[in-house]
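If you read the protein sequences in the order shown, they are chains Y and W.
Mind the numbering: the first sequence is residues 57 to 309 in our numbering, read in order.
Mind the numbering: the second sequence is residues 57 to 309 in our numbering, read in order.
Glycine is no exception: its CB is placed at the ideal position from the N, C-alpha and C atoms.
Protein chains: 2
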Amino acid sequence: VEVISSHPLDRSRLRVVLVRARNPNNIGAVARAMHDFGFTDLRLVNDYPVPLEAARSAIDASAVLQASSVAQTLAEAVAGCTLVVGTTAVGERDIQHTLLSLSEAAPAIQSEAARPDSQGRVALLFGSEKTGLSNDELSHCDLLLTIPMARHEGLRHPSMNLGQAVAVCLWELIRPGPPIEPTTRQPTDAAEIERVNDLLYEVLEATEYTRRHGARSDPAEIRRLVHRMSLGTLDAQVWLGILRQILWKIRRP
Amino acid sequence: VEVISSHPLDRSRLRVVLVRARNPNNIGAVARAMHDFGFTDLRLVNDYPVPLEAARSAIDASAVLQASSVAQTLAEAVAGCTLVVGTTAVGERDIQHTLLSLSEAAPAIQSEAARPDSQGRVALLFGSEKTGLSNDELSHCDLLLTIPMARHEGLRHPSMNLGQAVAVCLWELIRPGPPIEPTTRQPTDAAEIERVNDLLYEVLEATEYTRRHGARSDPAEIRRLVHRMSLGTLDAQVWLGILRQILWKIRRP
Numbered sequence: 057v058e059v060i061s062s063h064p065l066d067r068s069r070l071r072v073v074l075v076r077a078r079n080p081n082n083i084g085a086v087a088r089a090m091h092d093f094g095f096t097d098l099r100l101v102n103d104y105p106v107p108l109e110a111a112r113s114a115i116d117a118s119a120v121l122q123a124s125s126v127a128q129t130l131a132e133a134v135a136g137c138t139l140v141v142g143t144t145a146v147g148e149r150d151i152q153h154t155l156l157s158l159s160e161a162a163p164a165i166q167s168e169a170a171r172p173d174s175q176g177r178v179a180l181l182f183g184s185e186k187t188g189l190s191n192d193e194l195s196h197c198d199l200l201l202t203i204p205m206a207r208h209e210g211l212r213h214p215s216m217n218l219g220q221a222v223a224v225c226l227w228e229l230i231r232p233g234p235p236i237e238p239t240t241r242q243p244t245d246a247a248e249i250e251r252v253n254d255l256l257y258e259v260l261e262a263t264e265y266t267r268r269h270g271a272r273s274d275p276a277e278i279r280r281l282v283h284r285m286s287l288g289t290l291d292a293q294v295w296l297g298i299l300r301q302i303l304w305k306i307r308r309p
Numbered sequence: 057v058e059v060i061s062s063h064p065l066d067r068s069r070l071r072v073v074l075v076r077a078r079n080p081n082n083i084g085a086v087a088r089a090m091h092d093f094g095f096t097d098l099r100l101v102n103d104y105p106v107p108l109e110a111a112r113s114a115i116d117a118s119a120v121l122q123a124s125s126v127a128q129t130l131a132e133a134v135a136g137c138t139l140v141v142g143t144t145a146v147g148e149r150d151i152q153h154t155l156l157s158l159s160e161a162a163p164a165i166q167s168e169a170a171r172p173d174s175q176g177r178v179a180l181l182f183g184s185e186k187t188g189l190s191n192d193e194l195s196h197c198d199l200l201l202t203i204p205m206a207r208h209e210g211l212r213h214p215s216m217n218l219g220q221a222v223a224v225c226l227w228e229l230i231r232p233g234p235p236i237e238p239t240t241r242q243p244t245d246a247a248e249i250e251r252v253n254d255l256l257y258e259v260l261e262a263t264e265y266t267r268r269h270g271a272r273s274d275p276a277e278i279r280r281l282v283h284r285m286s287l288g289t290l291d292a293q294v295w296l297g298i299l300r301q302i303l304w305k306i307r308r309p
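Shown next, in the form of structure tokens:
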């Protein structure tokens, strides 16, 4: 019987982000699955006080919950990550991202976490129990992952229980499999991409693009556009320079 | 993205057996995971009324729960199965069985379910939330499976939440992987093995073996002995004949 502790995935480089999770039992179950499989980095995104006390009753998961932190915004929760992966039930909404099944996505996540010099950090996002991740929240993601499920006639599209979905995803990442190959894609911190996004939006407003093309100016739409650029760190710096220059030119008296 | 419905595992040939599960929420969570992954055969072993009404509130899982049945004994719940797999947390007790990790056990389960002429049926057993499967319950198993977990210093040995453990096991069975090879091992119904076991125990009592070798006559010990025989159906018939003959000889006036 293999021992999980010897698995090559560096589990400190994967962050689980729960966005608008409501049920303390679910939060506790997520923490317990993380504890069982050796993960420690849990972030909660909620704009109201999270009932963490109730969740802390989860058996054995107290260490994970005590180390967890609450962020006000998703951008804050994924800052520092070089790959942001959203989980979604297929068919829930219009998908404008690369959508991979769990077992297709696992190698990409493992590769990112295996990046040399500890530069790769992955955020794995789970939406609220009722609605999943919103379009705006999905726009922060570099790729989307779905757990393939059985379809049942006459029933609404299936979605998994939150604690079970997290357990299944984490297991797929640490189950024995082919060797992990570090990625060669250039790393860029999600916070850097968000800065490009913010500055681009400022430009779109300053140039009255948003006024004239309202339909195409939805912030989530623009953020997806930026994420599709697959920006490396250097390119992000170049783009920030270009956008600042544009703003300077426009705002000149 | 692959569709789970096309997975080659015949999910009607896997039975999930919950032994002494107490918490209706857990039973509901198990049913929901089965529903999500396309499994339908759920048996509960309890010697008291199961709070199924409460469990039936589980979203989307009502079809699985409605089709589920309650057995008084484990032998009854696994009758008809040709491979009985127990799940256990390592270190909980003395293991006298073949113990495989989840990903090692999955091919064995898939092979059994792929047996030609639909002869292969697998029972996957999960024990109670607090104590897992007892030694007596483990003695009904042909092999044991454990989900490898992280060890944490100073904490008791980890065990997973029941709903999460079932979800992770079922996912491992239907995730895309190497092709499934039907087993060539001879199939024997668990009920047949139980008949050999019962008759052997009768012989041990009739011959006063149990009286003279009390320490070695624990029923679970004897059942494990019988399971280690890896009886094919024909051999089981032969053994039943031998044991009946012995009893006849002993009881002759």
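Check	Outcome
Test: W:Leu158 CB closer than 9 Å to a CB of chain Y	yes
Neighbourhood of Y:Val126 by C-beta, 7 Å cutoff - its chain only, sequence neighbours within 5 removed	Leu100, Asn102 and Val106
Residue from W:His63, W:Asp92, W:Val73 and W:Pro80 with nearest C-alpha to Y:Asn217	W:Asp92
Contacts around W:Leu290, its chain only, beta-carbon distance under 8 Å, and the 5 residues preceding and following it disregarded	Gln242
Within chain W, partners of Y:Asp92 - CB distance below 7 Å	Met205, Ala206, Pro214 and Met216
DSSP three-state assignment for Y:Asp291, whether helix, strand or coil	helix
Neighbouring residues, chain Y, relative to W:Val224 (Cβ below 7 Å)	Ala223, Val224 and Trp227
Interface residues of chain C facing Y:Ser61 [CB-CB closer than 7 Å]	Of the chains in the structure shown, none is chain C; the protein chains are Y and W.
Residues that Y:Asp173 bridges to, as DSSP identifies them	In DSSP, Y:Asp173 forms no bridge with anything.
Where Y:Ala247 falls: helix, strand or coil (DSSP)	helix
Limits of the alpha helix (DSSP H) - the one that Y:Gly219 falls within	Leu218 to Ile230
Backbone CA spacing between W:Gly297 and W:Leu256 [nearest angstrom]	11 Å
Where the beta strand (DSSP E) containing W:Asp97 begins and where it ends	Asp97 to Val101
Reference W:Thr187; option with closest CA among W:Arg71, W:Ala77 and W:Val73	W:Ala77
Per-residue DSSP class, three states only, for W:Ala179	strand
Where Y:Thr144 falls: helix, strand or coil (DSSP)	coil
Y:Gln128 beta carbon less than 9 Å from that of Y:Ile236	no
Endpoints, the alpha helix (DSSP H) within which W:Val134 is located	Leu130 to Val134
7 Å Cβ cut-off: residues of chain Y touching W:Arg88	Asn217
Contact check, Y:Gly136 vs Y:Arg171, beta carbons under 9 Å	no
Chain-ordered neighbours of W:Arg231 on chain Y, where CB pairs are closer than 8 Å	Leu158, Ser159 and Glu228
Where Y:Ser157 falls: helix, strand or coil (DSSP)	strand
Contact with chain Y by W:Asn79, beta-carbon distance below 9 Å	no
Residue range of the alpha helix (DSSP H) that includes W:Leu121	Ser118 to Ala123
9 Å Cβ cutoff met for Y:Ala89 and Y:Gly219	yes
Expected contact under 8 Å - CB spacing of W:Asp192 and W:Ala276 to nearest Å	4 Å
Whether W:Ile278 touches W:Leu299 by CB criterion (9 Å)	no
Cβ-heavy atom distance, Y:Tyr104 to the ligand MG, below 8 Å	With respect to the ligand MG, the structure shown offers nothing to examine, as it has no ligands at all.
Span of the alpha helix (DSSP H), counted from its first residue to its last, around W:Leu7	Chain W is shown only over 57 to 309; residue 7 of chain W falls outside these bounds and no answer can be derived.
Test item: CB-CB of Y:Val141 and Y:Leu180 under 9 Å	yes
Under 9 Å between C-beta atoms of W:Val72 and W:Leu226	yes
Cβ pair Y:Val146, Y:Thr202 closer than 9 Å	yes
Alpha carbon of W:Arg272 to alpha carbon of W:Ile302, nearest angstrom	20 Å
Within 9 Å, strictly: CB atoms of W:Arg207 and Y:Ser61	yes
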